[in-house]
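Take a look at the structure below.
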Amino acid sequence: MSEWTPSTWYVREQFACGSDGDYRNEEEMRAAFDRWLAEHDREVAAEAWDEGYRAGRILNRQQHVNPYREVTA
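The sequence shown begins at 3 in the working numbering and counts up one residue at a time.
As structure tokens, this is what we get:
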């Protein structure tokens, strides 16, 4: 049996509704969560881009052959 992983929607709703008994404005909290998620996604994308760029520079110097590209004779 696999471990349950909550969806983004579920986490957003839990954040908005607050499980600690705090009665916050749910729409404001949803907007705050959306801003956090957008920033998180931007940070992850920026790191992935940098990692790919660094890997590409290293591989280009080593005459690396892409194993996924069809070889033509």
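We put the CB at the ideal spot given by N, CA and C, even for glycine.
Remember, predicted model here, so these are calculated numbers, not experimental data.
Check your understanding: Any chance the stretch 54-61 sits against the stretch 32-43, with 3 or more Cβ pairs inside 8 Å?
Key -> no
Check your understanding: Nearest-angstrom Cα distance between F35 and P8?
Key -> What you label residue 35 is simply residue 33 of the sequence shown in a count that begins at 1. What you label residue 8 is simply residue 6 of the sequence shown in a count that begins at 1. Using only the alpha carbons, I get a separation of about 15 Å.
Review point. If M31 and A18 are in contact, beta carbons under 8 Å, what's the gap, nearest whole angstrom?
Key: Counted from its first residue, the sequence shown places residue 31 at position 29. Counted from its first residue, the sequence shown places residue 18 at position 16. The pair is a contact, with the Cβ atoms about 4 Å apart (cut-off 8 Å).
Check your understanding: Helix, strand or coil: which one does DSSP assign to W51?
Key -> On the sequence shown, residue 51 is found 49 positions in, with the first residue counted as 1. Helix.
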